[in-house]
Amino acid sequence: MSHDSAAAPETAARKLSGRRRKEIVAVLLFSGGPIFESSIPLSVFGIDRQDAGVPRYRLLVCAGEEGPLRTTGGLELTAPQGLEAISRAGTVVVPAWRSITSPPPEEALDALRRAHEEGARIVGLCTGAFVLAAAGLLDGRPATTHWMYAPTLAKRYPSVHVDPRELFVDDGDVLTSAGTAAGIDLCLHIVRTDHGNEAAGALARRLVVPPRRSGGQERYLDRSLPEEIGADPLAEVVAWALEHLHEQFDVETLAARAYMSRRTFDRRFRSLTGSAPLQWLITQRVLQAQRLLETSDYSVDEVAGRCGFRSPVALRGHFRRQLGSSPAAYRAAYRARRPQGDRDRAVDPEPAGGPRTAPPSDPAALPPENAVPFQSRRTAAPLPAAAGSLPGQRSAP
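Sequence positions in the sequence shown follow my numbering and run 2 to 398.
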């Protein structure tokens, strides 16, 4: 789900300086930026669609550094405006940054800081969140980015509350989104905030996209962890957890294996992975359940036990929250989308002493996106402990 918030009182009261206009959107481009992400705000805010009922914005395309700007694919762009044009914008969008390991130009960071101080709304799409973080605009705030880069963002900027589950995060005057398609989600959200549901719906129809997507990034996560973890003392604990997901253990168990207090372990784990350890553990158990539902003939109750959930009820609750579907519906949808020949061979005769298994999973098969209604919330809340937990073990999934 998206972190679609009502702005905090202190941010809601912010006023634009006299020279800035709410309807002006500045898009800040850099050399080396991906062209797809860069084109999203240009299309949303730069095309006149008043005939379709979409209020018009005034777009300023600004170079964040000296040109020409080279995009992915070797194209060269010449932006019609420079950093000075940002001073007129009520919204400034950074659609992407060329490298999560490179520092952005200081002149661009200064321009973003001034814009924010003067009441402008600052938006970072995908890796654009790294530019906002480098400018200090995400300090102490919730934010998101592509799930693959979220651990690096959290580790490099520990004062940022990174939530890799969200499609986008609206914290009032600073907004961030996940990967490419989530940039469209956030831009539609901005139009909805400015002009209402009808305008956002009209724009979505023109773009041929859903006006509002349910769910978050959970369905796209894998077991990948940041490369830096290999040299970290927690690497052994993480590896042990992934190898023992079939066992019932909680975060206190992991903290003890790391010889840390629970508080210290939580802080170190979050800085390394971008997630709270309980959130991460539940996500890994749900991913393991997905694999078993796709590749085995275990019942849902058996899947719950083999993924470390304390009850089938716990599995169903976490599975639905993360994937928008019940385990049984997910399995049915997965098998229905496979070719007929594969379905006929999906379950082999049960070998002696073992379960019947299906062929390797098809990564293109996805669960339906229709089970979880959109919800609004301002602060990222950790996933609740599993239903049916034993007394004294509330943190165990």
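Think of the CB as a built atom: it goes at the ideal place given N, C-alpha and C, for glycine as much as any other residue. All of these numbers come straight from a predicted model, not from anything done at the bench.
Rounded separation between residue i and residue j - CA only
| i | j | result |
| --- | --- | --- |
| A116 | R122 | 8 Å |
| S40 | V62 | 11 Å |
| L255 | P42 | 43 Å |
| V301 | E167 | 27 Å |
| R317 | S326 | 9 Å |
| C308 | Q291 | 10 Å |
| F270 | P278 | 6 Å |
| V314 | A155 | 32 Å |
| F31 | R338 | 41 Å |
| R57 | R263 | 52 Å |
| R20 | R89 | 6 Å |
| D195 | C188 | 11 Å |
| A305 | R322 | 15 Å |
| E107 | E244 | 44 Å |
| Q280 | A203 | 36 Å |
| R336 | P328 | 12 Å |
| L324 | Q285 | 13 Å |
Simplified DSSP assignment, three categories, for residue i
| i | result |
| --- | --- |
| P143 | strand |
| R50 | coil |
| D186 | helix |
| D172 | coil |
| V209 | coil |
| S178 | strand |
| T153 | helix |
| R114 | helix |
| G125 | strand |
| L282 | helix |
| Q82 | strand |
| S100 | coil |
| L294 | helix |
| H319 | helix |
| H1 | Since the first residue shown for the chain is 2 and the last is 398, residue 1 is missing from the structure and cannot be characterised. |
| V161 | coil |
| G65 | coil |
| A27 | strand |
| T92 | strand |
With 16 other Cβ atoms within 10 Å as the buried cut-off, status of residue i
| i | result |
| --- | --- |
| H1 | With the chain covering 2 to 398 only, the question about residue 1 has no answer from this structure. |
| G355 | Its pLDDT being 41, under 50, G355 is placed unreliably in this model, and the value from its coordinates should be taken loosely. The residue in question, G355, is exposed, as its Cβ has fewer than 16 Cβ neighbours within 10 Å. |
| S103 | exposed |
| P96 | buried |
| L288 | buried |
| A240 | exposed |
| G197 | exposed |
| L246 | buried |
| T265 | exposed |
| D251 | buried |
| P1 | Outside the shown range of the chain (2 to 398) lies residue 1, about which nothing can therefore be said. |
| S276 | buried |
| D52 | exposed |
| G75 | exposed |
| A365 | Residue confidence is low: A365 scores 34 on pLDDT, short of 50, so the model does not pin down where it sits. No coordinate-derived value is stated. |
| T79 | exposed |
Proximity below 7 Å, CB of residue i to CB of residue j
| i | j | result |
| --- | --- | --- |
| I25 | R71 | no |
| T181 | E38 | yes |
| P152 | T274 | yes |
| V175 | L138 | yes |
| G65 | L110 | no |
| G91 | R22 | yes |
| A201 | P211 | no |
| E119 | S18 | yes |
| A112 | T145 | no |
| P165 | W148 | yes |
| R114 | A135 | no |
| V94 | V124 | yes |
Residue i CB to nearest heavy atom of the ligand GTP below 6 Å
| i | result |
| --- | --- |
| P211 | The model depicted lacks the ligand GTP and carries no ligand whatsoever. |
Meets three-Cβ-pair contact criterion under 8 Å: the stretch 34-52 and the stretch 200-209: yes
Evaluate the contact criterion for the stretch 251-269 versus the stretch 290-297: three or more CB pairs, one atom per stretch, below 8 Å. no
Below 8 Å, can you find three or more Cβ-Cβ pairs linking the stretch 91-101 to the stretch 121-137? yes
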